[in-house]
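Student:
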Amino acid sequence: MRAEQVNCRLVIWGEPAGEDLLRGELIAEVSGRLPVLTASCQASVTQAELPTRQRVA
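Note that the sequence shown covers residues 5 to 61 in our numbering.
1) Let me check one thing: in DSSP terms, what residues is residue 18 bridge-paired to?
2) Mapping DSSP to helix, strand and coil, what is residue 23?
3) Helix, strand or coil for residue 56, going by three-state DSSP, please let me know.
4) Would you identify the three-state DSSP class for residue 6, choosing helix, strand or coil?
5) How about residue 15 and residue 28: are their beta carbons less than 7 Å apart?
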């Protein structure tokens, strides 16, 4: 039995709260084939505007 490829990405955007318009972004990604998966996380701060919200199933 062959394991299927896993590709999953979750992005969480924060809302600006102060006069500096800084907001946080958190990105978590998981990819690979069972039983070997790779996971990565990235946290950042930006002044860029929030992207258009989309949901991909």
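Here a beta-carbon is modelled for each residue, glycine too, at the ideal position from N, C-alpha and C. Bear in mind that the values here come from a model prediction, so they are computed numbers and not experimental data.
Tutor: So, from the listed chains and residues:
1) Translated into positions along the sequence shown, residue 18 becomes position 14. Beta-bridge pairing links residue 18 to no other residue.
2) As a first step, residue 23 must be located in the sequence shown, where it is residue number 19. In the three-state reduction of the DSSP assignment, residue 23 falls in the coil class, being assigned neither a helical nor a strand state.
3) Indexing the sequence shown from 1 puts residue 56 at position 52. Note: residue 56 maps to coil in three-state DSSP.
4) Counted from its first residue, the sequence shown places residue 6 at position 2. Residue 6 falls in the coil class under three-state DSSP.
5) For the purposes of this step, residue 15 is identified with residue 11 of the sequence shown, where counting begins at 1. For the purposes of this step, residue 28 is identified with residue 24 of the sequence shown, where counting begins at 1. Not in contact: residue 15 and residue 28 (Cβ atoms no closer than 7 Å).
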